[in-house]
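Novice:
There are 2 protein chains.
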Amino acid sequence: MKKTASKSAFYAQSGGVSAVINASACGVIETALRSKRIDKVYAGRDGIIGALTEDLIDCGRESAATIRGLRHTPAGAFGSARFKLKGLDQNRAEYERLIEVFRAHNIGYFFYNGGNDSMDTAHKVSQIGESLGYPMTCVGVPKTVDNDLPHTDCCPGFGSVAKYVAVSTREASMDVASMARTSTKVFVMEVMGRHAGWIAAAAGLAGRGADETPHVILFPEVPFERQRFLERVRQCVTDFGYCVIVVSEGAAYADGKFLADAGTRDAFGHTQLGGVGPVVANMVREAHGYKYHWAVADYLQRSARHIASKVDAEQAYAVGRAAVELAVKGVNAVMPTIVRKSSKPYRWVIGHIPLAEVANKEKKLPADYIREDGFGITAACRRYLEPLIAGEAYPPYRNGLPDYVRIKGVAVRRKLKTDFKI
Amino acid sequence: MKKTASKSAFYAQSGGVSAVINASACGVIETALRSKRIDKVYAGRDGIIGALTEDLIDCGRESAATIRGLRHTPAGAFGSARFKLKGLDQNRAEYERLIEVFRAHNIGYFFYNGGNDSMDTAHKVSQIGESLGYPMTCVGVPKTVDNDLPHTDCCPGFGSVAKYVAVSTREASMDVASMARTSTKVFVMEVMGRHAGWIAAAAGLAGRGADETPHVILFPEVPFERQRFLERVRQCVTDFGYCVIVVSEGAAYADGKFLADAGTRDAFGHTQLGGVGPVVANMVREAHGYKYHWAVADYLQRSARHIASKVDAEQAYAVGRAAVELAVKGVNAVMPTIVRKSSKPYRWVIGHIPLAEVANKEKKLPADYIREDGFGITAACRRYLEPLIAGEAYPPYRNGLPDYVRIKGVAVRRKLKTDFKI
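Chains as they are written, first to last, in my numbering: chain H, 4 to 425; chain B, 4 to 425.
1) What residue from H/F227, H/F81, H/I392 has the CA that sits closest to H/I60's CA?
2) What residue does the beta strand (DSSP E) around B/A251 start on, and which one ends it?
3) Going by the beta-carbon positions, is the gap between H/G403 and B/A393 smaller than 7 Å?
4) Can you tell me which of the three DSSP states H/P138 falls into?
5) Going by DSSP in three states, B/R350 sits in which element: helix, strand or coil?
6) With DSSP as the reference, please indicate the residues paired to H/I41 in a beta bridge.
7) Less than 8 Å between the CB atoms is what I'm expecting for H/G47 and H/F13, so what's the real figure, rounded?
8) Less than 7 Å between C-beta atoms, sequence neighbours within five positions excluded: which residues of the same chain meet that for B/P390?
9) If we ignore side chains and look at the alpha-carbon of each, how far apart do B/D371 and B/N119 end up?
10) Are there three or more Cβ pairs, one per stretch, closer than 8 Å when the segment 274-293 of chain H is compared with the segment 189-203 of chain H?
11) Anyone know if the C-beta pair for H/I341 and H/C157 falls short of 7 Å?
12) Compare the C-alpha of B/A165 against each of B/K10, B/S176, B/D422, B/A203 and name the closest.
13) At 8 Å on the CB atoms, spell out the chain H contacts of B/A300, in chain order.
14) Buried or exposed: H/A270, going by 16 or more other Cβ atoms within 10 Å of its Cβ?
15) Given a cut-off of 7 Å, decide if H/A199 and H/V168 are closer than it, judged by their beta-carbon atoms.
16) Taking C-beta pairs closer than 7 Å, name the residues in chain B that H/D92 reaches, listed in chain order.
17) Within its chain, find whatever has a CB closer than 6 Å to the CB of B/V236; leave out the 5 residues flanking it on each side and keep chain order.
18) I'd like to check one pair, B/Y320 with B/A26: are the Cβ atoms closer than 7 Å?
19) Once DSSP output is grouped into helix, strand and coil, what is the label at H/M195?
20) What is the residue span of the beta strand (DSSP E) that H/L341 lies within?
21) Between B/A213 and the rest of its own chain, which residues show a CB-CB distance below 8 Å, the 5 nearest in sequence each way excluded?
22) Applying a beta-carbon distance threshold of less than 7 Å, which residues of chain H neighbour B/S186?
23) Counting C-beta neighbours from all protein chains within 10 Å, is the total for B/D151 16 or more, i.e. buried, or is it exposed?
24) With a threshold of 7 Å between beta-carbons, can B/V31 be considered close to chain H, or not?
25) Is any beta-carbon of chain B found at less than 7 Å from that of H/G82?
26) What span of residues does the alpha helix (DSSP H) with B/D92 cover, start to end?
27) For the putative contact between B/R64 and B/V413, defined by C-beta atoms under 8 Å, what is the C-beta separation to the nearest angstrom?
28) Over what stretch of residues does the beta strand (DSSP E) that includes H/F114 continue unbroken?
29) Mapping the DSSP letters down to three states, classify H/F261 as helix, strand or coil.
30) Could you please give the first and the last residue of the uninterrupted alpha helix (DSSP H) stretch that includes H/A359?
31) At 7 Å on the CB atoms, spell out the chain B contacts of H/V20, in chain order.
32) Could you have a look at H/A255 and say whether DSSP puts it in helix, strand or coil?
33) Assign H/P145 to one of three DSSP states: helix, strand, or coil.
34) Buried or exposed: where does B/I425 fall if 16 or more other Cβ atoms within 10 Å of its Cβ makes it buried?
35) Using CA atoms only, rank isn't needed, just tell me which of H/G354, H/T381, H/S121, H/Y137 is closest to H/S83.
36) For a test of the three-state rule: what should DSSP assign to B/G47, helix, strand or coil?
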């Protein structure tokens, strides 16, 4: 029997989703449902918006099979939101509303599954609860495909997008290699990562050296030099018969201008919001006239649960479980982290760090992870990345398609009379 | 002991490669190496170019493990070529050269692995050999991701691209659905298929009806009507909160003009060779202002051996094996076909058809496979497609990446004194 003095828990997904954010949800929910210290387990419909609008999903009404199935289901099963709470000074009402809803539903645990911004929000909620006389235990659950959270070896979500990008680069490269003599000579693949080149770096795992694909990686960290790039492409086509280029959406010139901002106009004179992939491909065509193809993986890369990394899926579950374990022990305002104990073999444990130290900070690709010519990754980078894409964690299939689960999403009866406009 | 009277075999890959064309190569080579009727087994380096330039690969010098590994290796392990032999009247020299090389190496069996064009070439080679007094047994091995070969239930290569597209559509749709409330409302995915909508149709497997994703498929077979399309998109966003669009690269207006030919110009006034994906996305943005994302899978879709269809991989091997079995029985100028015996459960056998009946013909998507509103697939289409993506045929992995094989590619000693310029 649960004690009536126990508090309920609230879980929400935040920001761009990933192939394994639901595995973290599963870790949180399974652990919370089992915990004697936690009464009900709720999730926000569409993330924090569900809390603000008092639209709570009762996780206890989902079957155990559905909750378990979250572990192999991509995207945000409860809905996520790109919704950053403003600073306390600018919009105190939002924070007060959160506390009002949490108080109405006897919620004492707040688990926020997201990136830098979300860790900041979780931190603020823990502060405001205190100051409003409703202390909350707030624990962040790390998630970002960009891998830019500090103080953790890696970030759940990244390993799977890294695996997708490495596998796709290897496969497409083999395609180009087999056709290059009479057809496509240059292939460009655009990947995510607006501020940091972690995802682009993962493409480097597809080949072992500068003579293997991808022949060129364009990182956001390395200022783009048109001539040097074009010369490298020409050299690759001469030496290897073809050239495979992986470009980060954040690739930019030395003055900070994105390559994707190519000044192209459509028939009506509107700015053409192109991807950087076609921009780079056109640049090569104009300079060298090579036949080219380009791909933009976009959401495919971050939702590709079918090729998720086993390590990533396990870490995603583990940080979710750890978040609850920390919370019920009374550890407040922290985020579980992944601590690497060794690379070969890869061994990791769960640690934790105060939210204040994570909030709004970004971890860039270290300089010594980028090859001296700026077009590839170093052995150190490979040592770091390789364990993160290890193992396959295939979902079950049905009629040839992954059998992903869908929640029922039964709403908890509202207790407040007031609405809240987002 | 092989009899000295026996002839050698020549195998070549042709046209765009696929996730399973090497499985056909494996079927041909394993069967030919085992056959008492066949002496040596050669493959053309870079397809038919290898025959014209007398650049033959000795398959007998590859390890059994490498040959076996072709079954799980994408792209063209021997090199493929976009090289169409001209008509006999225009370039008799090319055909005569082929026969010269075949005669020099005692090659009596020609296995040509490709699409419509290649079946035409195989047919011509069998005719010219006859007229030059060097009769050849020529058997086509069907391959095309476009699924547009007639007289066969489906075409090896298609099932895997179909599975990739269906899986990716399902995954990306879940991503968009979970973010739509505060972020991306419209997602556009561009897929291959310049002349026929088979690949686009496969995306329809991701959902079960007009209310499930993809909400809109734009087929080459259905003339594009801008207003009707934009209205459908608006309705989907209103009804479901978001809209997922899959567009075939061959989507066109009633006058035949491709959507991809959008008249866009880059900063220098050059025609912007854009994909149709961004064109459609921009069209939606201009009309409705919705936040959008787009993906162009390009080569990723046809090289994605990691998510190949098991049925497809098996059929690819089976047509390769059958080609050799037919040839050694003396059946000439044919192509093995897949004959569907039943859909539920899916049962198929191998048949064959004269090359003359396949050459240069295209199989379009039947009208009754397209939903009446033109934006989706019918139940009949689903019945046809579903078995083709059934089952997974995962490659082995090593360090987190598929362990694809690479051939040694030992060249056969040349016997002719003459070179041939391509």
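Think of the CB as a built atom: it goes at the ideal place given N, C-alpha and C, for glycine as much as any other residue.
Since this is a predicted model, take the numbers as computed values, not measurements.
Specialist: In short:
1) For the purposes of this step, residue 60 of chain H is taken as the residue at position 57 of the first sequence. Looking at the Cα atoms, H/F81 is the closest of the given residues.
2) One-based indexing of the second sequence puts residue 251 of chain B at position 248. In the sequence as presented, Ala is not what sits at residue 251 of chain B; that position holds Ser. Under the DSSP assignment, B/S251 falls in the beta strand (DSSP E) whose first and last residues are 246-251.
3) Start at 1 with the first residue of the first sequence, and residue 403 of chain H comes out as number 400. Start at 1 with the first residue of the second sequence, and residue 393 of chain B comes out as number 390. Closer than 7 Å, so yes.
4) For the purposes of this step, residue 138 of chain H is taken as the residue at position 135 of the first sequence. Per DSSP, reduced to three states, the secondary structure at H/P138 is coil, with no helix or strand assignment.
5) Position 347 of the second sequence, counted from the start, is the residue given in the question as residue 350 of chain B. DSSP, reduced to helix, strand and coil, places B/R350 within a strand of the structure shown.
6) If you number the first sequence from 1, residue 41 of chain H lands on position 38. BP columns for H/I41 point to H/K10.
7) In the first sequence, counting from the first residue as 1, residue 47 of chain H sits at position 44. In the first sequence, counting from the first residue as 1, residue 13 of chain H sits at position 10. The Cβ separation is near 7 Å, so the contact holds.
8) Here residue 390 of chain B refers to the residue found at position 387 when the second sequence is read from its first residue. Answer for B/P390: V314, S346, Y349, listed in chain order.
9) Against the second sequence, residue 371 of chain B aligns to sequence position 368. Against the second sequence, residue 119 of chain B aligns to sequence position 116. In a straight line, the C-alpha of B/D371 is about 24 Å away from that of B/N119.
10) Contact between the segment 274-293 of chain H and the segment 189-203 of chain H is present, because at least three Cβ pairs lie under 8 Å.
11) Looking up residue 341 of chain H in the first sequence gives position 338. Looking up residue 157 of chain H in the first sequence gives position 154. With contacts defined as CB atoms closer than 7 Å, H/I341 and H/C157 qualify as a contacting pair.
12) Within the second sequence, numbered from 1, the residue matching residue 165 of chain B stands at position 162. Of the residues B/K10, B/S176, B/D422, B/A203, the one whose Cα lies closest to the Cα of B/A165 is B/A203.
13) Translated into the one-based positions of the second sequence, residue 300 of chain B becomes position 297. Those are A298, A300, L303, listed as they occur along chain H.
14) As a first step, residue 270 of chain H is located in the first sequence; it is residue number 267 there, counting from the start. Because the pLDDT of H/A270 is 48, which lies under 50, any placement of that residue in the model is unreliable, and the number read from its coordinates should be weighed accordingly. Exposed.
15) Your numbering for residue 168 of chain H matches position 165 in the first sequence. Your numbering for residue 199 of chain H matches position 196 in the first sequence. Taking 7 Å as the cut-off, the beta carbon of H/V168 is found no closer than this to the beta carbon of H/A199.
16) Locating residue 92 of chain H in the first sequence gives position 89, counting from the first residue. Residues of chain B passing the Cβ test: none, with the nearest at roughly 23 Å.
17) The sequence position of residue 236 of chain B within the second sequence is 233, counting from 1. The residues C246, V287, in chain order, have a CB closer than 6 Å to that of B/V236 in the same chain once the five nearest residues on each side in sequence are set aside.
18) On the second sequence, residue 26 of chain B is found 23 positions in, with the first residue counted as 1. On the second sequence, residue 320 of chain B is found 317 positions in, with the first residue counted as 1. Yes, these two residues count as a Cβ contact at 7 Å.
19) Here the question's residue 195 of chain H lines up with position 192 in the first sequence. In this structure, H/M195 counts as coil in the three-state DSSP scheme.
20) Here the question's residue 341 of chain H lines up with position 338 in the first sequence. The sequence shown places Ile at residue 341 of chain H, not Leu. For H/I341, the enclosing beta strand (DSSP E) starts and ends at 337-345.
21) Here residue 213 of chain B corresponds to residue number 210 of the second sequence, with the count starting at 1. So the qualifying residues of the chain are R374, D376, F378, G379.
22) What you label residue 186 of chain B is simply residue 183 of the second sequence in a count that begins at 1. Within chain H, the residues near B/S186 are R85.
23) Against the second sequence, residue 151 of chain B aligns to sequence position 148. With 16 or more Cβ atoms within 10 Å of its Cβ, B/D151 is classed as buried.
24) Within the second sequence, residue 31 of chain B is the residue found at index 28, counting from 1. Among the residues facing chain H, B/V31 is not included, as its CB has no counterpart in that chain under 7 Å away.
25) To locate residue 82 of chain H, count along the first sequence from 1; it is residue 79. At a cut-off of 7 Å between beta-carbon atoms, H/G82 makes contact with chain B.
26) Reading the second sequence from its first residue, position 89 is the one you call residue 92 of chain B. Bounds of any alpha helix (DSSP H) do not take in B/D92, whose DSSP letter is neither H nor E.
27) The sequence position of residue 64 of chain B within the second sequence is 61, counting from 1. The sequence position of residue 413 of chain B within the second sequence is 410, counting from 1. Contact between B/R64 and B/V413 holds: their C-beta atoms lie close to 4 Å from each other, under 8 Å.
28) What you label residue 114 of chain H is simply residue 111 of the first sequence in a count that begins at 1. Per DSSP, the unbroken beta strand (DSSP E) holding H/F114 starts and ends at 110-117.
29) Here the question's residue 261 of chain H lines up with position 258 in the first sequence. Strand.
30) As a position in the first sequence, residue 359 of chain H is number 356, starting the count at 1. Run containing H/A359: 358-361, per the alpha helix (DSSP H) assignment.
31) Here the question's residue 20 of chain H lines up with position 17 in the first sequence. Within chain B, the residues D178, S181, M182 have their CB atoms less than 7 Å from the CB of H/V20, given in chain order.
32) The count along the first sequence starts at 1 and reaches residue 255 of chain H at position 252. Reduced to three states, the DSSP call for H/A255 is strand.
33) As a first step, residue 145 of chain H is located in the first sequence; it is residue number 142 there, counting from the start. H/P145: strand per DSSP, three-state reduction.
34) For this step, residue 425 of chain B is matched to residue 422 along the second sequence. With fewer than 16 other Cβ atoms inside 10 Å of its own Cβ, B/I425 counts as exposed.
35) As a working mapping, residue 83 of chain H is identified with position 80 in the first sequence. It is H/S121 whose Cα lies nearest to the Cα of H/S83.
36) Position 44 of the second sequence holds residue 47 of chain B. The answer is strand: DSSP assigns B/G47 an E or B state.
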